[in-house]
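Everything on this sheet refers to the single structure shown next.
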Amino acid sequence: MRRGGNRGISPQAVVAMAQAACRRASADPRVAVDAGAHMFPATTFWQAERPGDLLISNGLATMGFALPAGIAAALHDPGRGALAFTGDGGLLMALGELATAAVLGVKLVVVVFNDSTLSLIDIKKTGRELPEGALGWPMADFAGVMQAVGGTGLRARNEAEYAAALDQALAAKGPVVVDVLVDPGSYPAQIKALRG
3 MRRGGNRGIS PQAVVAMAQA ACRRASADPR VAVDAGAHMF PATTFWQAER PGDLLISNGL
63 ATMGFALPAG IAAALHDPGR GALAFTGDGG LLMALGELAT AAVLGVKLVV VVFNDSTLSL
123 IDIKKTGREL PEGALGWPMA DFAGVMQAVG GTGLRARNEA EYAAALDQAL AAKGPVVVDV
183 LVDPGSYPAQ IKALRG
């Protein structure tokens, strides 16, 4: 199991800091959220102001939803733009859509919760006597992928880097990926508290 350790930023801080940065920048993006462990802090800690401001694939909980939903939201209301919270697994499923966002030049900030594993599946298999492995991969460079397809890619490995990346991303005119190293250690307790 890969949860734990003191590496990266807590998922809750990723969400809270993004909302604080939006307020500082007077930004009002619609928010799209992918399925995965990060969905719990994203939907718990993001304070939506109006109906339709938080887009989520509820029910089917579709991985890969946040990026295309964010592109659609940014196209629908270019003045507001969009912010997409996605896990690394969900972004890997829709990676080609980064090129779509770059070609369209949409105002979109993609925040990637990067912990190199399918954290929610890892949590669900705990205590079920299932074999270890098959859920992780080497740390992907999502910022580099975004740069390769013509957008802006930023990396954050601590809160100071993340705050600076958010300010830069929100000031950009086109799509930006903020690749955030996340510490998944708090996911199990949060999910248990929310689900009971």
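Every letter in the sequence shown is one number past the one before it in my numbering, and letter 84, counting from 1, is 86.
Just so it is clear, CB atoms sit at the ideal spot from N, CA and C, and this is done for glycine as well.
Helix, strand or coil, according to DSSP, for residue i in the structure here?
i                : result
phenylalanine 67 : coil
methionine 3     : At methionine 3 the pLDDT is 34, less than 50, meaning the model places this residue with poor confidence; the figure from the coordinates comes in the next sentence. Note: methionine 3 maps to coil in three-state DSSP.
asparagine 8     : Low per-residue confidence applies at asparagine 8: pLDDT is 46, beneath 50, and the placement is therefore not dependable, though the value from the model is reported in the following sentence. Reduced to three states, the DSSP call for asparagine 8 is coil.
alanine 142      : coil
glycine 81       : coil
arginine 32      : strand
alanine 44       : helix
aspartate 169    : helix
glycine 72       : helix
Within 10 angstroms of its Cβ, does residue i collect 16 or more other Cβ (buried), or is it exposed?
i              : result
arginine 52    : exposed
arginine 26    : exposed
alanine 15     : buried
glycine 10     : buried
glycine 89     : buried
alanine 173    : exposed
leucine 156    : buried
lysine 109     : buried
asparagine 116 : buried
leucine 200    : Lying before the first or after the last residue shown, residue 200 is absent from the chain, which here runs from 3 to 198.
leucine 183    : buried
proline 177    : buried
Give me the residue from the options with the minimum Cα distance to residue i.
i              : options                          : result
leucine 93     : Leu77, Thr64, Arg32 and Lys109   : Thr64
glutamate 161  : Arg32, Phe87, Val180 and Met95   : Val180
alanine 23     : Ala150, Glu163, Asp36 and Leu183 : Glu163
alanine 86     : Val182, Leu106, Asp36 and Ala150 : Asp36
methionine 148 : Ser118, Gly54, Ala101 and Pro140 : Ala101
Roughly how many whole angstroms lie between the Cα atoms of residue i and residue j?
i             : j             : result
proline 80    : alanine 104   : 14 angstroms
alanine 50    : leucine 56    : 6 angstroms
arginine 159  : glycine 38    : 20 angstroms
alanine 145   : arginine 82   : 23 angstroms
glycine 6     : glycine 153   : The predicted model places glycine 6 with a pLDDT of 41, which falls under 50 and marks its position as unreliable; any figure quoted below should be read in that light. For glycine 6 and glycine 153, the distance between alpha carbons rounds to 32 angstroms.
valine 112    : glycine 187   : 22 angstroms
asparagine 60 : proline 70    : 15 angstroms
alanine 20    : histidine 40  : 14 angstroms
glycine 91    : glutamine 170 : 25 angstroms
serine 12     : leucine 97    : 24 angstroms
alanine 44    : valine 17     : 6 angstroms
aspartate 143 : valine 114    : 10 angstroms
Could you tell me whether any Cβ in chain D is nearer than 8 angstroms to the Cβ of residue i?
i           : result
alanine 145 : The chain labelled as chain D is not found in the depicted structure, where only one protein chain is given.
Going by DSSP, which residues form a beta bridge with residue i?
i           : result
threonine 2 : Summary: the structure shown does not reach residue 2, with the chain confined to residues 3 through 198, and so no result is reported for it.
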